[in-house]
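Add 2 to a position in the sequence shown, counting from 1, and you land on the number used in our numbering.
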Amino acid sequence: MNVPPKALWKATASSGDPRHAIDDRYSTAWSAEPAERSSLAIDLGEAALLGGLEIYWGRRASSAYCFEGSQDGLRWMRLCGSRHGEGGQEIFAFPPTPARFLRWSAENPERRPGPDIVEINLYGPADAATTLEAGRIAALGHAPVFLRRGESITVDFRFARSVVGALVEWGDSYGLDFSAYLSDDGENFRELGRITAGGGGNGSFWWPCASSRFLRLTLHEASAPEGAVVDELKLRILDSDRMPIGQLERAARAGRGELYPQALLGRQVYWTVLGEFDREGEALFDEYGGLEPRRGSPQITPLLRAGERLHGASASACIRHSLVGESLPIPSVTWSVDGLEICATALAHAGQALVQYRIVNTSRAPRKGALVLAVRPAQINPYWQHGGHAPIDAIAVIGREARIDDRIYAAFSREPDAVTVADFDDGDVVRLIEGGASGTDRRLCSDSGLLSAAVEFAFSLPPAARDVIVVAAPLRDGVTPDADVTFSAVRKIVARRWRKKIGPRRITVGDPRVTETVEAQISLILVNATRPAFKPGPRNYDRIWIRDGSAQALALLWAGLAEEAEDFVLWYSQRLYPNGMVPPILDENGAINRGYGSDIEYDAQGEFVCVAAEAYRITRSRAFLTAVLEPVVRATRFIEELCARTNAQHGPTSRFHGLLPPSLSHEGYSEPSYSYWDDFFALSAFRGCAFLADAAGERETAAWARAKAKGFAEDLTRSIRMTSELMGEGMIAGSADREDVDPTSTSIAFGPCRVEDVLPPELLAATYDLCAAQIKSLGAPDFAGSFTPYVIRNLNAFVSLGRLEDAFGLLELLLSCRRPENWRHWAEVVWSPPRAPQYIGDMPHTWIGAEFVTAIRSMLLRENGDALELFRGAPDHWWDGEGITLRNLPTAFGVVDLLACRTKSRATIELASAGPPPERVTIRFPGATRACADGQSCVIDGDVITSANFSRMVIDF
3 MNVPPKALWK ATASSGDPRH AIDDRYSTAW SAEPAERSSL AIDLGEAALL
53 GGLEIYWGRR ASSAYCFEGS QDGLRWMRLC GSRHGEGGQE IFAFPPTPAR
103 FLRWSAENPE RRPGPDIVEI NLYGPADAAT TLEAGRIAAL GHAPVFLRRG
153 ESITVDFRFA RSVVGALVEW GDSYGLDFSA YLSDDGENFR ELGRITAGGG
203 GNGSFWWPCA SSRFLRLTLH EASAPEGAVV DELKLRILDS DRMPIGQLER
253 AARAGRGELY PQALLGRQVY WTVLGEFDRE GEALFDEYGG LEPRRGSPQI
303 TPLLRAGERL HGASASACIR HSLVGESLPI PSVTWSVDGL EICATALAHA
353 GQALVQYRIV NTSRAPRKGA LVLAVRPAQI NPYWQHGGHA PIDAIAVIGR
403 EARIDDRIYA AFSREPDAVT VADFDDGDVV RLIEGGASGT DRRLCSDSGL
453 LSAAVEFAFS LPPAARDVIV VAAPLRDGVT PDADVTFSAV RKIVARRWRK
503 KIGPRRITVG DPRVTETVEA QISLILVNAT RPAFKPGPRN YDRIWIRDGS
553 AQALALLWAG LAEEAEDFVL WYSQRLYPNG MVPPILDENG AINRGYGSDI
603 EYDAQGEFVC VAAEAYRITR SRAFLTAVLE PVVRATRFIE ELCARTNAQH
653 GPTSRFHGLL PPSLSHEGYS EPSYSYWDDF FALSAFRGCA FLADAAGERE
703 TAAWARAKAK GFAEDLTRSI RMTSELMGEG MIAGSADRED VDPTSTSIAF
753 GPCRVEDVLP PELLAATYDL CAAQIKSLGA PDFAGSFTPY VIRNLNAFVS
803 LGRLEDAFGL LELLLSCRRP ENWRHWAEVV WSPPRAPQYI GDMPHTWIGA
853 EFVTAIRSML LRENGDALEL FRGAPDHWWD GEGITLRNLP TAFGVVDLLA
903 CRTKSRATIE LASAGPPPER VTIRFPGATR ACADGQSCVI DGDVITSANF
953 SRMVIDF
């Protein structure tokens, strides 16, 4: 009963053409149309004994689905399935089962766009994945498996696979302590991950890609004396083995690597984003000058022919990156080879991405060559980032235009001198042009999905002469690209538009890295945005989170873009549930995302209220207050309801009493937890609600919110102390139930929540000693691994605690992990070594960028009730050069202008504000011996000068 060849199979489906799911071609896919239930059935033509299957997903995957088998097409039995679909390649195995018919199905109650199934492969028991332990194969998607302490599930893939992790779904009894291992021979295993504080639900492992044949899950301790139940062991496998991206990788590794997209060589590539603040569409522009005009589209790779030899940017000894004005979203890449310099400058304008490739002869002799633009069926966003293959089935270069799959792809400023189009044949188009300019018919069609093209623009340059080629590509449908432009003029127009939009540079300090990085984030937030909402990234993170969005709204608010911040708050306020629950995630179109965890992320309540309160604190807009007050009160009252749920389960002596119930808000927790992260935001919400209600004259509501804030703060402080006593480590826990320490989570109490008064003072030193040690290890020369720049949150804590050396060390770490450094932004995850082909989230990641902006502002200026605090965390070198300038900076005291500079023995500060003045101003200035504000002597206490509001202060030191 061998599995019949696919030529005998027949497929039917609820929609679309299901033959693409069984055609043995990995460049096609069956795409289901939106429906409440999608299904696909396969008739093998004859009965077979099945033991496993694998499914390859396209751009969209199902998160929950199942496969059933039948011998007669009438009576069905479940073979396997998952509630944790993640796309890529998913592997299942099950006890040997005879079947002629196979049926896949998935529920889709929201009627979202259906999934794309690239291929389904079936295996007999001798070829399918299996387990070394008898009877435990069912854990691979078929049925629960019971494990005693010390027992394992060891998966044999039958051959080496690219394994990047595993997910364990536990049953009623679960693992408290368990490990994942890999092995090449089934005898010698190496531990890749261990979870020592399992709390049920799901245990999730990710690790750097490793090629291994065996994966083992071992249970060390369980929640029940008899052991634990594994409902599903999900295998995380990279899907490049048979997919088209794998063919491209093999070709790149067999060729001259510099001529190929570096991701095909397993090297991480970094990029920035191109876009407009008032139009949709985002292109990626990579560190080598490559362009991906639209999400999922093929990329253009620039190559340079010097004489007859072809060169790529990655082989250049020096690659320079820059931004126009050092901070505007107009990036450039410059590299050189053999006396020729190529500079690629990119921008977005009028719905298109424009890239100018400028070649300059820097030698003393005439030079001939060509700019070669290679169009490749691969995204800049690599496959380990859910990108990878970008199918091309048809290419036509007609005059100055290139069309892909009958759609306009790009236009050129002049007609190419040579065009070569090729189907894949153990290599792409480069194999035809590497030895010199070629030429083929300018049209080609294929069903491989792997067509590529090279367009060449020849030049003959005397010394110091230059040649310029402009490429234009549409960012969205309905745009006709126009490369016949004067690029320098367009660049000036775009730069002026951005400068007008974001206004003058608000913050300038003596460290240009800080100045330029702060300003760059404002533009990048607007590029990533889906008006009027804010996304944290241009590709992987194409949804709107209130968590990310509120941080970005605050950054824009404090950068003078108050209207954008208010619009975001009001737009989100219209999507609250009637009971006041704030949906934590919205789709790009504003619809509520109802995926896993969408109803149990309770930090959303406080994040919404926090940004609403801060927006009013800065703008004092009565119209905004009127519009936002009711949803704010509704969201805050829902917090009261959430606390009541906890109190119904835990009495007043419990450390859980008064807290929010378990949630998935904290991104570091894989199952619902009593995270103090939620509670800090909740306390901020009670206080923010009281502030807004007072401003609106709603005295009763304000009194209710203040009373709730007082009681909640008391419960929270008591809980933190009780949990600390249970841990016995003298530190603040990240959660009440996990008894973990997570200083980066705790630091939000200092900012943006401003509720640090609930943190027991006796626990702060040890908590932040640990934090400082962790951050120091991340910056060590021998550090290998990853971290997220979310550690930026600790800047607020370190500064507030007076641990300035720790703050400055963290700031240097953050500045050092911008990639490329002069593009002034971060990925969500930073890896060492930097070329490790690992998941980096998305970039530029503007939630992180927003937190950088707000942290730097807080180091320079912070409102504290009726006081204005200046320079509380400013390093000494920020006074260098022309010193510190704050220009038109919005504050609760109106727009502030400040100029601070110093000589060898004296510093002067000029200060002006357009709103109600602060009652007092404090300035941190180490070494001050005397200070006069408007001629009046000031009090100096240690490093802090205190004064009434002033216009000019002179400080002697």
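Even glycine gets a Cβ: it sits at the ideal position worked out from N, Cα and C.
Item, Value
"Taking I794 as part of the alpha helix (DSSP H), name the residues at either end of that continuous run.", "Element bounds for I794: n/a, residue is neither H nor E."
"Is it true that the CB of L556 sits closer than 8 angstroms to the CB of T274?", "no"
"Please report how far the alpha carbon of G298 lies from the alpha carbon of H391, in whole angstroms.", "8 angstroms"
"Return the chain-ordered ranges of every beta strand (DSSP E) run that is complete within the segment 241 to 319 and spans a minimum of 3 residues.", "273 to 277, 284 to 288, 301 to 308 and 311 to 314"
"Can you tell me where the alpha helix (DSSP H) holding P745 begins and where it ends?", "P745 to T748"
"If I follow the unbroken beta strand (DSSP E) through D158, where does it start and stop?", "S154 to W172"
"Is the segment 409 to 423 close to the segment 236 to 249, with three or more CB pairs under 8 angstroms?", "no"
"Helix or strand or just coil, what does DSSP make of N190?", "coil"
"For a test of the three-state rule: what should DSSP assign to F216, helix, strand or coil?", "strand"
"Taking the alpha carbon of G116 as the point to measure from, which residue in L813, Y176, A497 and S17 has its own alpha carbon closest?", "S17"
"G71 bridges to which residues according to DSSP?", "M79 and L104"
"Whose C-beta lies closer than 6 angstroms to the C-beta of W547 among residues of the same chain, with five residues either side of it excluded?", "I587"
"Using the Cα positions of S741 and W208, report the straight-line distance between them to the nearest angstrom.", "Correcting the residue type first, residue 741 is Glu in the shown sequence and not Ser. In a straight line, the C-alpha of E741 is about 23 angstroms away from that of W208."
"Measuring alpha carbon to alpha carbon, tell me which residue in A531, A230 and L813 is nearest T519.", "L813"
"Select from P763, L250 and R468 the residue whose C-alpha is nearest the C-alpha of L267.", "L250"
"Since G851 contacts V801 with CB under 8 angstroms, what's their CB separation in whole angstroms?", "Rounded, the Cβ-Cβ distance is 19 angstroms, inconsistent with contact."
"Could you give the distance in angstroms between the alpha-carbon of G202 and the alpha-carbon of L870?", "47 angstroms"
"Does the separation of the CB atoms of W833 and I842 fall below 8 angstroms?", "yes"
"Quick check: the segment 132 to 140 against the segment 103 to 122, are there 3 or more CB pairs under 8 angstroms?", "no"
"With distances taken Cα to Cα, identify the nearest neighbour of A467 among K502, N363, V457 and V431.", "N363"
"Below 8 angstroms on the Cβ atoms is my contact criterion, and I expect P331 with V529 to pass it. Report the Cβ-Cβ distance as a whole number of Å.", "6 angstroms"
"Would you kindly check if the distance between the Cβ of C345 and the Cβ of R366 is under 8 angstroms?", "no"
"Alpha carbon to alpha carbon, how far is L666 from A424? Give it in angstroms, no decimals.", "49 angstroms"
"Excluding five sequence neighbours on each side, which residues of the same chain lie with their C-beta closer than 6 angstroms to the C-beta of C934?", "V956"
"Are the CB atoms of R795 and S749 within a distance shorter than 8 angstroms?", "yes"
"Straight-line CA distance for Y183 to L219?", "7 angstroms"
"In the DSSP assignment, the beta strand (DSSP E) including F148 goes from what residue to what residue?", "V147 to L149"
"Measuring CB atoms only, is the segment 533 to 553 touching the segment 874 to 894, in the sense that at least three cross pairs come out at less than 8 angstroms?", "no"
"Starting from the C-beta of A226, find all residues in its chain whose C-beta is less than 6 angstroms away, skip the five residues before and the five after it, and write them out in chain order.", "S175"
"So, helix, strand or coil for W32, using DSSP?", "strand"
"Once you ignore the five residues that flank E853 on each side, which residues in its own chain have a CB closer than 7 angstroms to its CB?", "A553, I794 and R795"
"Identify, in the order they occur along the chain, each residue of the same chain with its Cβ nearer than 6 angstroms to the Cβ of E568, setting aside the five sequence neighbours on each side.", "A617 and F626"
"Verify whether the separation of the beta carbon atoms of C1006 and W828 is less than 8 angstroms.", "Because residue 1006 is not part of the residues shown, which for the chain are 3 to 959, the question remains open."
"Here's a check: name, in chain order, each residue in its chain whose Cβ is nearer than 7 angstroms to the Cβ of L578, leaving out the five neighbours to either side.", "V584, P633, R636 and A637"
"Rounded to a whole number of angstroms, what is the C-alpha to C-alpha distance between D680 and D744?", "14 angstroms"
"What does DSSP give as the partner residues of I527 in its beta bridges?", "Looking at the DSSP assignment, I527 forms no beta bridge with any residue, so it has no partner."
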